[in-house]
Amino acid sequence: MSIVIEENIMVPMRDGIKLATDVYRPAEIGQWPVLVTRVPYNKDLRIPAPGQEHKRLFLELNLDVERVIEAGYVIVAQDTRGCFASEGEFTPGLYEETDGFDTIAWAARQPWSSGKVGMYGVSYQGLTQWQAAGEQPEALRAIAPTQSPDPTTLAYQGGAFLLGIALSWTLQGLTGELLWDWQQGRIGPAEFEEVVQAEQNIKTWYERLPLVDIPLFRDRAPYYFEWLAHPNFDDYWRTSALQTVPEHVTIPALITAGWYDIFLNKDLHYYRSMKERGGNILARQQTRLLIGPWPHGDFQSGFAERNYGEASDAMEMLTTMQIRWFDHWLKGLETGLEREKPVKIFVMGINQWREEEDWPLPDTRYTPYYLHSEGQANTAQGNGRLSTQLAGEEAEDSYCYDPLQPVPTLGGALLTAGNGPRDQREIEARQDVLCYTTEPLEQAVEVTGTIELVLYVSSSAPDTDFTGKLVDVFPDGYAQNLTDGIVRMRYRQSLAQPALMEHGQIYEVHINLGATSNVFLANHRIRLEVSSSNFPRFDRNSNTGGTIATESAQDMQQAINRIYHDSLHPSHLLLPLIERSQS
């Protein structure tokens, strides 16, 4: 099919700011439904691709644009406000409601438009869909947000600053912005080279203290410092968070998520919110959820240490699914969607796709696995055990957490390279990592759902962190990470009202370890890691109780942290078990 491309149409917003917009449409005369995607990363960014002269990176992360146009759609791609060829100033999450509304209205009234509009896209492009849909534009009939954040999930989890995400996301965006400015003659090569060097040496930037000491961001990314200045969930976050958006969304959403994605928790929140509080019966009953074995923004490469077969290269599947989705809602075609179950998940371990009635799965049986030891659970070679038997009188476990020697991040939900499943044995050899492991399983155990860790803890410090990680241990010892989480103790009761600890007092804390779907096969073992750092995925707690963002290396203190597991303090891992026959 011949395609007409119109580039950099300056579409006016209600306040007069104009946003650069590209249109990709069939060459033949007609009126077509429109799919809008709004990008802060440069809609024009192109990379080499097999069999193609180039690939439009942020238009085609999870969608084959040429296939979609051949299926009878127009693609409208736009640089968001303040980004690249668009006018205005960029602040994450700001103006996306009204700019999205105005762009959809513009697309609906063009001569090549049928008047029916959908939206698609990954990451921030998903956020722009939710914000636009909450404004209820008349022409918008369905959305397909993939791996979507909201502003809060770019910055904090469990009260800890998401250093790895926040710093790398800001730096990557800044690199693209300064490359554009250099190409447009607005800056010299030295200024661009500075940010390139920073991105190439990002590990040294993670180590930099205080966290606020990043002059490179001062004029170009002031929002980074705003994030650091608001560690509490205060009015700054309440006004930018998408907490109530699903209540105003009156169209169905096809939500796509990944087990190793940084925004999985948010995608699950969007799904449950739409099912329970969507703006009308259509939104509540017709929203769909798809979860695959993917990291953030990569549906084709797979992982260095694990192969999930065809699910690791899912571009064709995702394109087909989205075409069927929009054919149904924008063209009124019979595509079989109404006969399918609303949830489809990839079950790791047995590596199979499976349809489900809902999320969480209705037949989930939440089962506590209790922590045990003789007081020496340090390292995987210690005596930490995990079982469904209640603890008796047992000695607590302890370790020294030194923020200047933090437990390094190894795999997991990251924005950068090295994400996904990785062998954790290197981590489990550290004295500041407690390991609690089951006996080899006599039969397969399926864990599908959100995992919660309940710990009874104390510390010598007024504030510290506790981390947890769920691991699948293979018969040969390979230790595959599945999920992880953190709690910053000052936020153990409330993210809005911090409260420091008292020396030696025992506290009950709950840590959300995120969600997964994994079958622990026979002869595998289930393992829980507990520590106080996972750096640079999360920033380091200085253990002082002070303002972490402004503290230097000299301010940081060591802490002796203790985990209690006895009849009065039943620390446990709450696993969502699915008891079905495994074929």
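Using full-length UniProt numbering, read the sequence shown as starting at 1 and increasing by one per residue.
Beta carbons: idealized from backbone N, C-alpha and C, even for Gly.
Under 9 Å, do residue i and residue j count as touching if we go by C-beta distance?
i, j, result
"residue 121", "residue 38", "yes"
"residue 279", "residue 248", "yes"
"residue 288", "residue 343", "yes"
"residue 104", "residue 365", "no"
"residue 518", "residue 349", "yes"
"residue 245", "residue 133", "yes"
"residue 315", "residue 254", "no"
"residue 374", "residue 563", "no"
"residue 434", "residue 481", "no"
"residue 422", "residue 404", "no"
"residue 372", "residue 456", "no"
"residue 200", "residue 114", "no"
"residue 198", "residue 171", "yes"
"residue 575", "residue 367", "yes"
"residue 468", "residue 530", "yes"
"residue 311", "residue 420", "no"
"residue 488", "residue 185", "no"
Does DSSP classify residue i as helix, strand or coil?
i, result
"residue 262", "coil"
"residue 308", "coil"
"residue 43", "coil"
"residue 492", "coil"
"residue 429", "helix"
"residue 510", "strand"
"residue 478", "coil"
"residue 164", "helix"
"residue 240", "helix"
"residue 73", "coil"
"residue 466", "strand"
"residue 398", "strand"
"residue 97", "helix"
"residue 112", "coil"
"residue 183", "helix"
"residue 333", "coil"
"residue 12", "strand"
"residue 372", "strand"
"residue 576", "strand"
If you count every other CB in all the chains shown that lies within 10 Å of the CB of residue i, and 16 or more means buried, which is it?
i, result
"residue 494", "exposed"
"residue 204", "exposed"
"residue 567", "exposed"
"residue 147", "buried"
"residue 149", "buried"
"residue 81", "buried"
"residue 174", "buried"
"residue 540", "buried"
"residue 252", "buried"
"residue 391", "buried"
"residue 543", "buried"
Do you know offhand how far residue i's Cα is from residue j's?
i, j, result
"residue 76", "residue 500", "50 Å"
"residue 533", "residue 283", "40 Å"
"residue 297", "residue 262", "10 Å"
"residue 176", "residue 225", "20 Å"
"residue 490", "residue 465", "9 Å"
"residue 89", "residue 83", "7 Å"
"residue 492", "residue 498", "8 Å"
"residue 97", "residue 128", "7 Å"
"residue 461", "residue 384", "24 Å"
"residue 156", "residue 190", "33 Å"
"residue 317", "residue 328", "17 Å"
"residue 27", "residue 7", "15 Å"
"residue 552", "residue 182", "34 Å"
"residue 1", "residue 95", "36 Å"
"residue 209", "residue 215", "12 Å"
"residue 587", "residue 179", "With the chain represented from 1 up to 583, any question about residue 587 goes unanswered, as that position is not in the structure."
"residue 353", "residue 345", "6 Å"
"residue 412", "residue 270", "22 Å"
"residue 118", "residue 34", "6 Å"
"residue 16", "residue 87", "10 Å"
"residue 536", "residue 202", "11 Å"
"residue 275", "residue 268", "11 Å"
"residue 228", "residue 507", "27 Å"
"residue 256", "residue 299", "11 Å"
Using only the heavy atoms of the ligand SAM, determine whether one of them is closer than 8 Å to the beta carbon of residue i.
i, result
"residue 329", "The model on display carries no ligand, and the ligand SAM is accordingly not part of it."
Our contact map puts residue i next to residue j with C-beta atoms below 8 Å; I'd like the distance itself, whole angstroms only.
i, j, result
"residue 151", "residue 240", "4 Å"
"residue 473", "residue 516", "Residue 473 to residue 516, Cβ: 15 Å. No contact."
"residue 100", "residue 125", "The Cβ separation is near 11 Å, so there is no contact."
"residue 559", "residue 401", "5 Å"
"residue 454", "residue 510", "6 Å"
Using a beta-carbon distance below 9 Å, is residue i in contact with chain D?
i, result
"residue 427", "In the displayed structure, chain D is absent; only one protein chain is listed."
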